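Student: Using the numbering used here, read the sequence shown as starting at 51 and increasing by one per residue.
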Amino acid sequence: MEREPGDGSLFFRGLQNRAHEKVKLRKRKSALYLRPQRSRRRGDLLGENIYLVLFTIALRICNCFLVQTSFVPDEYWQSLEVAHHMVFDYGYLTWEWTERLRGYTYPLIFASIYKILHLLGKDSVQLLIWIPRFAQALLSAIADLRLYSLMKQLENQQVARWVFFCQLCSWFTWYCCTRTLTNTMETVLTIIALFYYPLEGSKSVDSVKYSSLVALAFIIRPTAVIPWIPLLFRHFWQEQRKLDLILHQFLPVGFATLSWSLMIDRIFFGQWTLVQYNFLKFNVLQNLGTFYGSHPWHWYFSQGFPVVLGTHLPFFIHGCFLAPKRYQILLVTVLWTLLVYSMLSHKEFRFIYPVLPFCMVFCGYSLNHLKTWKKPALSFLFLSNMLLALYTGLVHQRGTLDVMTHIQELCYNNPNNSAASVFVMMPCHSTPLYSHVHYPLPMRFLQCPPDLTGKSQYLDEADTFYQNPLSWLYKEFHNNSTLPTYLLIFNVLEEEISAFLISRNYERTAVFFHTHLPEGRTGSHIYIYERKLKGKLYRR
Numbered sequence: 051m052e053r054e055p056g057d058g059s060l061f062f063r064g065l066q067n068r069a070h071e072k073v074k075l076r077k078r079k080s081a082l083y084l085r086p087q088r089s090r091r092r093g094d095l096l097g098e099n100i101y102l103v104l105f106t107i108a109l110r111i112c113n114c115f116l117v118q119t120s121f122v123p124d125e126y127w128q129s130l131e132v133a134h135h136m137v138f139d140y141g142y143l144t145w146e147w148t149e150r151l152r153g154y155t156y157p158l159i160f161a162s163i164y165k166i167l168h169l170l171g172k173d174s175v176q177l178l179i180w181i182p183r184f185a186q187a188l189l190s191a192i193a194d195l196r197l198y199s200l201m202k203q204l205e206n207q208q209v210a211r212w213v214f215f216c217q218l219c220s221w222f223t224w225y226c227c228t229r230t231l232t233n234t235m236e237t238v239l240t241i242i243a244l245f246y247y248p249l250e251g252s253k254s255v256d257s258v259k260y261s262s263l264v265a266l267a268f269i270i271r272p273t274a275v276i277p278w279i280p281l282l283f284r285h286f287w288q289e290q291r292k293l294d295l296i297l298h299q300f301l302p303v304g305f306a307t308l309s310w311s312l313m314i315d316r317i318f319f320g321q322w323t324l325v326q327y328n329f330l331k332f333n334v335l336q337n338l339g340t341f342y343g344s345h346p347w348h349w350y351f352s353q354g355f356p357v358v359l360g361t362h363l364p365f366f367i368h369g370c371f372l373a374p375k376r377y378q379i380l381l382v383t384v385l386w387t388l389l390v391y392s393m394l395s396h397k398e399f400r401f402i403y404p405v406l407p408f409c410m411v412f413c414g415y416s417l418n419h420l421k422t423w424k425k426p427a428l429s430f431l432f433l434s435n436m437l438l439a440l441y442t443g444l445v446h447q448r449g450t451l452d453v454m455t456h457i458q459e460l461c462y463n464n465p466n467n468s469a470a471s472v473f474v475m476m477p478c479h480s481t482p483l484y485s486h487v488h489y490p491l492p493m494r495f496l497q498c499p500p501d502l503t504g505k506s507q508y509l510d511e512a513d514t515f516y517q518n519p520l521s522w523l524y525k526e527f528h529n530n531s532t533l534p535t536y537l538l539i540f541n542v543l544e545e546e547i548s549a550f551l552i553s554r555n556y557e558r559t560a561v562f563f564h565t566h567l568p569e570g571r572t573g574s575h576i577y578i579y580e581r582k583l584k585g586k587l588y589r590r
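(1) From the DSSP output, read off the bridge partner residues of TYR101.
(2) Return the first residue and the last residue of the beta strand (DSSP E) that ALA560 is part of.
(3) Using 8 Å as the cut-off, can you tell me whether the segment 392 to 406 makes contact with the segment 226 to 235, which would need three or more C-beta pairs spanning the two stretches below that distance?
(4) Between LEU130 and THR230, which are expected to be in contact by the criterion C-beta below 8 Å, what is the C-beta distance as a whole number of angstroms?
(5) When burial is assigned at 16 or more other CB atoms within 10 Å of the CB, is HIS348 buried or exposed?
(6) Ignore the nearest five residues each way along the sequence and tell me which others in LEU84's own chain have a CB closer than 7 Å to its CB.
(7) Please classify ASN602 as buried or exposed, where buried requires at least 16 other C-beta atoms within 10 Å of its C-beta.
(8) Starting from LEU537, follow the alpha helix (DSSP H) in both directions and report where the run begins and ends.
(9) Would a C-beta distance cut-off of 8 Å place ILE163 and ILE179 closer than the cut-off?
(10) Spatial neighbours of GLY573 within its chain, please: CB distance less than 6 Å, with the 5 preceding and 5 following residues excluded, ordered by chain position.
(11) Roughly how many angstroms separate the alpha carbons of PHE473 and LEU451, rounded to a whole number?
(12) Could you compute how far the alpha carbon of ASN467 sits from the alpha carbon of ASN518?
(13) Cα-Cα, which of LEU483, TYR350 and PRO477 is closest to VAL496?
(14) On the DSSP letters alone, give me the boundaries of the beta strand (DSSP E) that VAL472 sits inside.
(15) Using a Cβ-Cβ cut-off of 7 Å (strictly less than) and excluding sequence neighbours within five positions of VAL103, which residues of its own chain qualify?
(16) Does ILE576 come out as helix, strand or coil in the three-state DSSP assignment?
(17) Can you give me the C-alpha to C-alpha distance between HIS575 and SER480, rounded to a whole angstrom?
(18) Do GLN186 and THR228 have their C-beta atoms closer together than 8 Å?
(19) Kindly examine the ligand SAM and report whether one of its heavy atoms sits closer than 7 Å to the Cβ of PRO157.
(20) Taking 8 Å as the threshold, find out whether the segment 306 to 317 comes into contact with the segment 264 to 272 through three or more Cβ pairs.
(21) What does the Cβ neighbour count give for VAL325, buried or exposed, with the cut at 16 atoms within 10 Å?
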């Protein structure tokens, strides 16, 4: 049966009319369609799931509580001791501050915390010790999360999780990331700056932000620029608008941060000072850091780097062969940093801490590609790092902090003993002072400033003392009225000065464990000797 021509024309005309009509779609008002988007907004913090953020912060706070040992003197003498002197107007500043080798930008962070606590009347010694470390732990947690976010952008969530796992379980990161060290802040700023750096595949590129963070790291510790030299050169080389990058981004950022540093140091030094130049001149150009020890050129490759990486080392090497070509710049940065620091005679583990997170990228890539041995590898990596982290954080070198806690308790339990004084007869800067006592108790320690005059046969006070401790003590304290109330010594010194201790009526009143690995002038235990007045008996 055929359709008539008239009917067909009407049919197609109707289709054309419908095509010109506006089609109205019914809006779905069901909460089922809106809930995922809302939950994503509510559940994000720092660009990540809020539970991941809270877990990371909680872990780093736990990390903070589980590090109760000392590492190097700078974690107190370049931060907390300076901040205490700034706020409470008593304490001791080391020679670096009289020679203006250090800037006040980093101590100012902790001085601000101390000032707030003081104004609130909450400046107890425990808060003065722990609040700055909590602040450092929080910053380290933010850096951990930024590393995770960056790897999600560059790779995927799976690779990012393995890098995150490696970062969190690294024993050296655990050991350092909550300490008030300039190296710790340098590492934090480096990780966050890398998040904004124009790596291939990154979606968070911001040249102003990353260059500002690098500049701030340089202000805090001038050697922080060393790892960034290849990164900055790469950015400049790949940038099409090179002049615009320099004139409108790098130069304004550099000028602003340097001006900020100059203003702060002008306020506290009382004169215009470029501490970054003084620092580089002393440590790099004049290489006077050798006064505090020197190592062979290969030390970072043969000892320093393997120790810092620990059991991550085989995974790092494996990851270097597997990682894509775009990560070569990170490997170049690590090698460049090791080479530059190898040219300096004075070497320390903490100097290469800022490139440790770069290594975790390769370690995570290695774990992601493991198939048959993945579970044993993860168990080995976690257990080996945690055992080392707990030992170094809770046992190794804890005596120098425990002994200052004891001194602080003596001060607060005997507030009327205004004539008391303390002499720390240990290698210089072995202990913190007023930041961990918070009491105007006269305290003295053996001095060890380097020779800045060029003398050929220079000996500091500490070296002079250790040449002949007994003779030095008799000469220094020929008058009994100048004798300190408390003497703090390592056990290795006790036998050598026992005649002085007996003749001056000193008795051992406390013993503190320090380390299972005594070396040289550093002993396994710390002894406190208290001077007893004649006729006063001491009951053990």
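Backbone N, C-alpha and C fix where the C-beta goes; we use that ideal spot for every residue, glycine too.
Predicted model only: the values in this text are computed from it and were never measured.
Tutor: Walking through what the data contain:
(1) If you number the sequence shown from 1, residue 101 lands on position 51. Answer is none; TYR101 lacks a bridge partner.
(2) Residue 560 sits at position 510 when you count from the first residue of the sequence shown. Counting along the chain, the beta strand (DSSP E) containing ALA560 begins and ends at 556 to 563.
(3) With three or more CB-CB distances shorter than 8 Å, the segment 392 to 406 counts as touching the segment 226 to 235.
(4) Position 80 of the sequence shown, counted from the start, is the residue given in the question as residue 130. Position 180 of the sequence shown, counted from the start, is the residue given in the question as residue 230. Yes, LEU130 and THR230 are in contact; Cβ-Cβ is about 6 Å, under 8 Å.
(5) Counted from its first residue, the sequence shown places residue 348 at position 298. HIS348 comes out exposed.
(6) Translated into positions along the sequence shown, residue 84 becomes position 34. In this prediction, LEU84 has a pLDDT of 40, which is less than 50 and means its spatial position is unreliable; what the coordinates show is noted afterwards. Hits under 7 Å: none found.
(7) A query on residue 602 cannot be resolved here, the shown segment of the chain reaching from 51 to 590 and no further.
(8) Sequence index remark: in the sequence shown, residue 537 carries index 487 (1-based). Under the DSSP assignment, LEU537 falls outside any alpha helix (DSSP H), being part of the beta strand (DSSP E) whose first and last residues are 536 to 540.
(9) Here residue 163 refers to the residue found at position 113 of the sequence shown. Here residue 179 refers to the residue found at position 129 of the sequence shown. ILE163 places its beta carbon 8 Å or farther from that of ILE179.
(10) On the sequence shown, position 523 is the one that residue 573 refers to. Within the same chain, and ignoring the five residues on either side of GLY573 in sequence, the residues whose Cβ sits closer than 6 Å to its Cβ are PHE540, ASN541 and VAL542.
(11) Residue mapping note: residue 473 aligns to position 423 of the sequence shown, counting from 1. Residue mapping note: residue 451 aligns to position 401 of the sequence shown, counting from 1. In this structure, the straight-line span from the alpha carbon of PHE473 to that of LEU451 is close to 15 Å.
(12) Along the sequence shown, read from residue 1 onward, the residue named residue 467 stands at position 417. Along the sequence shown, read from residue 1 onward, the residue named residue 518 stands at position 468. Cα-Cα distance, rounded: 32 Å.
(13) Numbered from its first residue, the sequence shown carries residue 496 at position 446. Per the sequence shown, the amino acid found at residue 496 is Leu instead of Val. Checking every option, the nearest Cα to that of LEU496 belongs to PRO477.
(14) Taking the sequence shown and counting its residues from 1, the one referred to as residue 472 is at position 422. Residue range 472 to 475 is occupied by the beta strand (DSSP E) that includes VAL472.
(15) The count along the sequence shown starts at 1 and reaches residue 103 at position 53. Around VAL103: LEU95, LEU96 and LEU195.
(16) The residue labelled residue 576 in the question sits at position 526 within the sequence shown. When secondary structure is reduced to three states using DSSP, ILE576 falls in the strand class.
(17) To locate residue 575, count along the sequence shown from 1; it is residue 525. To locate residue 480, count along the sequence shown from 1; it is residue 430. Their Cα atoms are separated by approximately 13 Å.
(18) Sequence index remark: in the sequence shown, residue 186 carries index 136 (1-based). Sequence index remark: in the sequence shown, residue 228 carries index 178 (1-based). Against a cut-off of 8 Å, the Cβ pair of THR228 and GLN186 comes out as a contact.
(19) This structure simply doesn't include the ligand SAM, nor any ligand for that matter.
(20) Three or more Cβ pairs drawn from the segment 306 to 317 and the segment 264 to 272 lie within less than 8 Å of each other, which places the two stretches in contact.
(21) One-based indexing of the sequence shown puts residue 325 at position 275. By the 10 Å Cβ count, VAL325 comes out buried.
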